[in-house]
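One structure is given below, encoded as structure tokens.
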Amino acid sequence: MKRRIYGLETEFGIIWTPEVAHRKTLTVQNVVMYLFREIVAGRMYPDVFLENGARFYQDIGCHPEYATPECDDVAELVAHDKAGERIITRLASTAEQRMRNDGFYGKISIFKNNLDTPGNTYGCHENYLMERHVDFRQLASQLIPFFVTRQVFAGAGKIKPSHRGYYAISQRAEHIREEISIGTTTARGIINTRDEPHADREKYRRLHVIVGDSNMSEFSTFLKVGTTGIILRMIEDNFIQQRFALRNPVKAIREISDDVTCKHPIELQNGKRLSAVELQWQYLECAKRYLEQAESDATTTQIMARWEYVLTCLESDPMQLDRELDWVIKWKWLQTYLTKRGFEWDAPQVKHLDLKYHNVRQEESLYYTLENRAEVERIVENEQIRHAEHFPPERTRAKFRGKFIKKVNEGKILCGVNWSYIQLYEP
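Okay, structure coming up:
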């Protein structure tokens, strides 16, 4: 299988809850600074590369962001994505102790979701290194229908606050405004035109994807990244000949999100009407034909098998996927809670449970409660995640970056590090 470099960037939501007995409070900005204090060590701003090759920094607003190191294997990427959750959890525990030492008593909660209480959105951005020769208009036309419909297995699920009793598949869908755009905070596009390859610009581009949700489910992360990689390979080899173009992609991405039956038909430019699942089936069948004559590997075989399994279940009854897909897992538990307690969808207790699903601190998380009961599907082992917390991938330049950072940390040497370079400021 043709080698590809992948990366994920995750912005986390932060809530600090002071203890009732203590009235001293802190702004979220101050809480974030406490969070970074252990690792920034005298730097002027919270932005640092870690010994596992990843980057941890404060993004726009008060959102700590974890960017995985460059990975050339999708399962390895899943492990490094999960390692980011554990790293920020460990930093939160240390920050709470520092805060108590300074007289601030409370709890830091960290959420891997895409919406805060007022409805503002923050993202999970995917990065794919791809060949430069592909015409960008062709790339966009073939990717847009895929990204619009991919949410049926990649959505994180949410309660829509503006509609009583309403549950949607995707958290990001209603925040997409354009088909193609350079913006990541306003006028967000299905296709983002940002292109910083951190590689030979003549040969490569970096596809920066902002349309997707943050996933707690390892299965959803594996499938969304893995299927996208297969689609990109077909595009690079000019294999996709079908015309999947949608009449109104921005409208379609919202309509699909609003239909948990996954049967709502969307209109194509050629006048046909297909559901998101039916369109995904066409991409899958195209991939099957492609792989009959192209080189494959074990990971690709796993991706294809899971893709077909998920589409088969979505076609008959999406609720069969209550171990695999975030939006289904969460929907099931919210429905059970509503029925048992007699609440309406807009009850504060239900919204709290929704948020609790995305808490990355395992002792507080609904998702990790289910994982500890073996009620969700796994892609990687805990030992792989523990390894990814401390060590970079072996087959990308992140290996050299991580080892360099480990050495300069041990020697307390002042240096500069970026995705593309490292620099010593001291002999």
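Those letters in the sequence shown? Residues 6 to 432, per our numbering, in order. Ideal Cβ positions, reconstructed from N, Cα and C, are used throughout, including at glycine.
*Could you name the residues of the same chain whose beta carbon sits closer than 7 angstroms to that of Phe54, not counting the 5 residues immediately before and after it, in chain order?*
Sequence index remark: in the sequence shown, residue 54 carries index 49 (1-based). So the qualifying residues of the chain are Arg60, Arg406, Ile410, Val422.
_Across the stretch 10–29 and the stretch 104–115, are there enough close Cβ pairs to call them in contact, namely three or more that are closer than 8 angstroms?_
yes
_For Asn387 and Met38, the rounded distance between their alpha carbons_ = As a working mapping, residue 38 is identified with position 33 in the sequence shown. As a working mapping, residue 387 is identified with position 382 in the sequence shown. Going by the C-alpha atoms only, they are around 29 angstroms apart.
_Coil, strand or helix - Tyr430 by DSSP_ = Numbered from its first residue, the sequence shown carries residue 430 at position 425. Looking at Tyr430 - three-state DSSP - the assignment turns out to be coil, as it is neither helix nor strand.
*By a C-beta neighbour count over all protein chains shown, 10 Å radius and 16 as the cutoff for buried, is Asp140 buried or exposed?*
As a first step, residue 140 must be located in the sequence shown, where it is residue number 135. So Asp140 ends up on the exposed side.
*Quick one, which of Ile174, Ser219, Met324 has its alpha-carbon nearest Phe116's?*
Within the sequence shown, residue 116 is the residue found at index 111, counting from 1. That would be Ser219, whose Cα lies nearest to the Cα of Phe116.
_Using C-beta distances below 6 angstroms, list every residue in its chain close to Ala192, excluding the 5 sequence neighbours before and after it, in chain order._
In the sequence shown, residue 192 corresponds to position 187, counting from 1. Once the five neighbours on either side are set aside, the close Cβ partners of Ala192 are Arg182, Glu183, Ser186.
*Going along the chain, which unbroken runs of the alpha helix (DSSP H) with 4 or more residues stay wholly within the stretch 104–161?*
141–159
*asked:* For a quick check, are the C-beta atoms of Ile149 and Ile215 less than 8 angstroms apart?
replied: Within the sequence shown, residue 149 is the residue found at index 144, counting from 1. Within the sequence shown, residue 215 is the residue found at index 210, counting from 1. Not in contact: Ile149 and Ile215 (Cβ atoms no closer than 8 angstroms).
*Between the Cα of Ala281 and the Cα atoms of Ser425, Val265, Val36, Ala292, which residue gives the shortest distance?*
As a working note, residue 281 is residue 276 in the sequence shown. Ala281 has its Cα closest to that of Val265, out of Ser425, Val265, Val36, Ala292.
*Assign His395 to one of two classes, buried (16 or more other C-beta atoms within 10 Å of its C-beta) or exposed (fewer than that).*
Residue mapping note: residue 395 aligns to position 390 of the sequence shown, counting from 1. With fewer than 16 other Cβ atoms within 10 Å, it is exposed.
*Quick one: is Asp5 buried, meaning 16 or more other Cβ sit within 10 Å of its Cβ, or exposed?*
There is no way to answer for residue 5, as the model of the chain reaches only from 6 to 432.
*According to DSSP, is Ala281 helix, strand or coil?*
Position 276 of the sequence shown, counted from the first residue, corresponds to residue 281. Reduced to three states, the DSSP call for Ala281 is helix.
*Close beta carbons around Arg91, own chain, < 6 angstroms, minus the five adjacent residues each side*: Numbered from 1 along the sequence shown, position 86 holds the residue referred to as residue 91. Excluding residues within five positions, the ones whose Cβ falls inside 6 angstroms are Glu394.
*Cβ-based burial, Thr122 [other Cβ within 10 Å; buried from 16]*: For this step, residue 122 is matched to residue 117 along the sequence shown. Classification of Thr122: exposed, given that the 10 Å Cβ count is below 16.
*Which one or two residues does DSSP pair with Val214 in a beta bridge?*
Locating residue 214 in the sequence shown gives position 209, counting from the first residue. DSSP, once it has assigned bridges, lists Glu131 as partnering Val214.
*Compute the Euclidean distance between the alpha carbons of Asp86 and Glu369, then round it to the nearest angstrom.*
Within the sequence shown, residue 86 is the residue found at index 81, counting from 1. Within the sequence shown, residue 369 is the residue found at index 364, counting from 1. Their Cα atoms are separated by approximately 19 angstroms.
*Terminal residues of the beta strand (DSSP E) in which Tyr342 lies*: As a first step, residue 342 must be located in the sequence shown, where it is residue number 337. It is not in any beta strand (DSSP E) - Tyr342 instead sits in the alpha helix (DSSP H) that spans 331–346.
*Decide if the stretch 126–142 is in contact with the stretch 200–210; the criterion is three or more beta carbon pairs, one per stretch, under 8 angstroms apart.*
yes
*From Lys229 to Thr306, what distance separates their C-alpha atoms?*
On the sequence shown, residue 229 is found 224 positions in, with the first residue counted as 1. On the sequence shown, residue 306 is found 301 positions in, with the first residue counted as 1. Spanning the two alpha carbons is a distance of roughly 15 angstroms.
*asked:* Quick check on DSSP: helix, strand or coil for Ile240?
replied: Numbered from 1 along the sequence shown, position 235 holds the residue referred to as residue 240. Helix.
*Since Cys76 contacts Ile19 with CB under 8 angstroms, what's their CB separation in whole angstroms?*
Position 71 of the sequence shown, counted from the start, is the residue given in the question as residue 76. Position 14 of the sequence shown, counted from the start, is the residue given in the question as residue 19. Not a contact, Cβ separation roughly 26 angstroms.
_I need the straight-line Cα distance from Ser225 to Ile334, nearest angstrom please._
Walking along the sequence shown from the start, residue 225 turns up at place 220. Walking along the sequence shown from the start, residue 334 turns up at place 329. If you take the alpha carbons of Ser225 and Ile334, they lie about 11 angstroms apart.
*Using DSSP with H/G/I as helix, E/B as strand and the rest coil, what is Leu31?*
If you number the sequence shown from 1, residue 31 lands on position 26. Coil.
*asked:* Helix, strand or coil for Ile10? Go by DSSP, reduced to three states.
replied: Sequence index remark: in the sequence shown, residue 10 carries index 5 (1-based). Here Ile10 sits in coil by DSSP.
*May I ask you to report which of helix, strand or coil DSSP gives Thr22?*
Within the sequence shown, numbered from 1, the residue matching residue 22 stands at position 17. Correct three-state label for Thr22: strand.
*Straight-line CA distance for Met221 to Tyr372?*
One-based indexing of the sequence shown puts residue 221 at position 216. One-based indexing of the sequence shown puts residue 372 at position 367. Going from the Cα of Met221 to the Cα of Tyr372 covers about 7 angstroms.
*Check Val385 in the structure and name its three-state DSSP category.*
As a working note, residue 385 is residue 380 in the sequence shown. Val385: coil per DSSP, three-state reduction.
*Within this structure, are the beta carbons of Leu316 and Ile240 separated by less than 8 angstroms?*
Within the sequence shown, residue 316 is the residue found at index 311, counting from 1. Within the sequence shown, residue 240 is the residue found at index 235, counting from 1. Cβ distance not < 8 angstroms, so Leu316 and Ile240 don't count as in contact.
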